[in-house]
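As structure tokens, the structure follows; a few thoughts come after it.
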Amino acid sequence: MDRWRRTAGLGLGPLVALSLLFLPLPSLSPVAHRLASIVALVVIFWLTEAIPIPVTALLGAALAVVFGVASAKSVLAAFGDPIIFLFIGSFMLARAMQVHGIDRRIAFSLLSHPWVGASTYRTLWALGLTACLLSMWISNTACVAMLFPVALAIARTTGELLHANDDDAEAPRLRYTTGLLLMLAYAGSVGGVATPVGTPPNLIGLALIEQGLGVRIGFVQWMLFGVPVALALLAVVYGVIVLMFPPELRAVPGQLMRMRQARGALGPMTAGERNSLIAFGLAVALWVVPGLLGLALGAVHPTVRLLGERLPEGIVALLAACLLFVLPTDWAKREMTLRWDQAVRIDWGTVLLFGGGIALGRMMFDTGLAEAIGRGLLGALGLHSPVAITGAAAAIASVISETCSNTASANMVVPVMLSVAESVEAPGLFVAVAATLGASMGFMLPISTPPNAIVYGSRAVRITDMIRAGLLLDLIGFFVIWAACAWLVPLALSW
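Here the numbering used here is used: the first residue of the sequence shown is 917, the next is one more, and so on.
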């Protein structure tokens, strides 16, 4: 299926782009017309994954220069956007945590808490909460991949207990197994919305909002609405999982002991773990403190303004990442916390995708293409009220994220919805935030998000189960985001 989809995309993309290029579009300027054909090619390649998604972003940027949409200097300047370096620094911090295993220590510490005990229901919640908390700071994919073996081990233990009494019971077919794995995947996705660095769409939305509206949302401001939204979505995920896949057993004897043994096997905290926590803690402190001072002293206070100018989020991430190459784990051998050969293994594809997305979004604004698409979308949907447009932004981003990456979804939807909002004088800030959050709501299909693909690859989750649970979560998640953007986001951003 994937092979045919990619092959179809390779043929369909150029065909649609060329057809659009030669189609008379008097409402567009010549430059916007050429950009429209490039965007059509990029979107089709993103949807079908005809070529790797990051390469598609690079192709779009290159074609924009070739077809005279913008100069090479202006197009490639997007790859030097400060948000790009926030990505790079955050990825290096997450890489150090993975290399030294601090993420596993955090996971086992939470799962071995006495409150969790042997209860299957509490284990479900603890696993989801662990994934949610970790994915606030590290890649959703890395978080789920790290906890995946833990979830399988818990499910296997439950299956063995049932198998002793029922020869037909197998762990891969247990409701509890399905529930554990889906809880893990979905919690890893919703946790990312809590902080600006939790998932790429957040940073894309922030960059496009600042670029299109001239409004900068601070780290703490985002968390004021991001954390409540993430926790609300986590509660919804838990409720849906328990409703649709109730565990066969209420308790698994010996589970608490096994989690404590796993935590004990990690041994005392190593120098690498301590140093990773120091660098990570410094980054979080410098991200959060300026915002807290702004709340206490006021945004126009000289100290707050100085910190905002001298310590923007991207620079903080770079400083913390550089610290990893200075803090030693073994001074006698001159071994530092992170080596360059380890650091270069971060997700450069996402970095390039983000740069290409910023470039396309900027050109869509500059040429008027985003405004034209927005007017067309407005006429087709018949939306005029700000509340309806905010809901539409979340819904469109959510639907698109089911069939392509959430990063690509944010790149496509946020610029268009900003123009739609401007056309009817709706608050573009809240509309863009709704589209940004909606881009993280891909729950239905294995291709929607890497966490979904990871748990589906276990063969313990049926595609029908993922679709049923995902559809319900998409619907409820849409209303949560819609309500948050109508009431919570305006309140948070007013501070």
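Even for Gly, the Cβ is constructed at its ideal location relative to N, Cα and C.
- Leaving aside the five residues that flank Gln1258 on each side, the residues in its chain whose CB is nearer than 6 Å to its CB run, in chain order, Val1015.
- Cβ-Cβ separation between Phe1346 and Tyr1102: approximately 25 Å, too far for a contact (criterion under 8 Å).
- According to the DSSP secondary-structure assignment, Met1252 is paired through a beta bridge with Pro1244.
- One thing to note: Ile1305 has its Cβ within 8 Å of the Cβ of Ala1337.
- DSSP lists Ala1167 as the bridge partner or partners of Ser1035.
- Membership of Gly1104 in the alpha helix (DSSP H) is indicated by the continuous run Arg1091 to Gly1107.
- For Asn1056, the closest alpha carbon among the candidates Ala1408, Thr1111 and Arg1038 is that of Thr1111.
- Rounded to whole angstroms, the separation of the alpha carbons of Leu1222 and Pro1362 is 45 Å.
- Nearest neighbour of Cys1048 by Cα position, chosen from Phe1196, Tyr1372 and Ile1022, turns out to be Ile1022.
- Going by DSSP, Met1139 is part of the alpha helix (DSSP H) stretching over Phe1135 to Met1160.
- Contact between the segment 1277-1292 and the segment 942-961 is present: three or more C-beta pairs spanning the two stretches fall below 8 Å.
- Annotation for Trp1398: Gly1307 and Ala1310 place their beta carbon closer than 6 Å to its own, counting only its chain and skipping 5 residues before and after.
- Secondary structure note for Glu1225: its alpha helix (DSSP H) is the uninterrupted segment Pro1218 to Arg1226.
- For the pair Gly1273 and Asn1327, the CB atoms are nearer than the 8 Å cut-off.
- Here DSSP, grouped into helix, strand and coil, assigns Leu1129 to helix.
- Contact between Ser1335 and Ser1364 does not hold, since the beta-carbon distance rounds to 26 Å and is not under 8 Å.
- Rounded to the nearest whole angstrom, the CA to CA distance from Arg1176 to Phe961 is 47 Å.
- Cys1401 is a Cβ neighbour of Val1349, given a cutoff of 8 Å.
- Per DSSP, Thr972 is one residue of the alpha helix (DSSP H) stretching across Ile969 to Val982.
- Rounded to the nearest whole angstrom, the C-alpha separation of Ala1296 and Lys989 is 36 Å.
- Non-local C-beta neighbours of Ala966 in its own chain, meaning closer than 7 Å and more than five positions away in sequence, comprise Arg922, Gly925, Leu926 and Gly929, ordered along the chain.
- Linking Ala1201 to Ile1004 through their CA atoms gives a straight-line distance of about 18 Å.
- Secondary structure at Phe1281: helix, using DSSP grouped into helix, strand and coil.
- Assignment of Pro1406 by DSSP, reduced to helix, strand and coil, places it in the helix class.
- Residue environment: Phe1161 is assigned as buried (16 or more neighbouring CB atoms within 10 Å of its CB, all protein chains considered).
- Here the alpha carbons of Ala1181 and Met1062 stand approximately 16 Å from one another.
- When the Cα atoms are used, Trp1031 and Arg1038 turn out to be separated by approximately 8 Å.
- DSSP places Leu944 in the coil class of the three-state scheme, outside both helix and strand.
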